[in-house]
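Asker: Take this structure first; my questions come after.
Residue numbers (our numbering): 3 to 69.
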């Protein structure tokens, strides 16, 4: 299926507020196994998998999501 794209997943911002700018930068690894999505306006100071998304330290701390 070279050259054919198919819809497999719908990715949604974990915290969807327009000012978080989820998806303002997107990249994929060369082998296609990992998708990286930036949210430079994200305010949570959560770290790691399952971090406390409610922990807010200030404005525009930023976040990167890897799928």
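Just so it is clear, CB atoms sit at the ideal spot from N, CA and C, and this is done for glycine as well.
#1: Is DSSP giving residue 39 helix, strand or coil here?
#2: Could you spell out where the beta strand (DSSP E) holding residue 65 opens and where it closes?
#3: Can you give me the C-alpha to C-alpha distance between residue 27 and residue 16, rounded to a whole angstrom?
#4: Taking 8 Å as the threshold (C-beta atoms), are residue 66 and residue 38 in contact?
#5: If you follow the beta strand (DSSP E) that residue 29 is in, where does it begin and where does it stop?
#6: I think residue 43 touches residue 22, with their Cβ atoms under 8 Å apart; what is that distance to the nearest whole Å?
Answerer: Let me lay it out:
#1: Mapped onto the chain shown, residue 39 falls at position 37. Here residue 39 sits in strand by DSSP.
#2: Locating residue 65 in the chain shown gives position 63, where the first residue counts as 1. Residues 65–68.
#3: Taking the first residue of the chain shown as position 1, residue 27 is located at position 25. Taking the first residue of the chain shown as position 1, residue 16 is located at position 14. So the alpha carbons of these two residues sit roughly 16 Å apart.
#4: Position 36 of the chain shown, counted from the start, is the residue given in the question as residue 38. Position 64 of the chain shown, counted from the start, is the residue given in the question as residue 66. Cβ atoms of residue 38 and residue 66: closer than 8 Å.
#5: Counted from its first residue, the chain shown places residue 29 at position 27. Segment 28–30, the beta strand (DSSP E) holding residue 29.
#6: As a first step, residue 43 is located in the chain shown; it is residue number 41 there, counting from the start. As a first step, residue 22 is located in the chain shown; it is residue number 20 there, counting from the start. That belief holds up - the Cβ atoms of residue 43 and residue 22 are roughly 4 Å apart, short of 8 Å.
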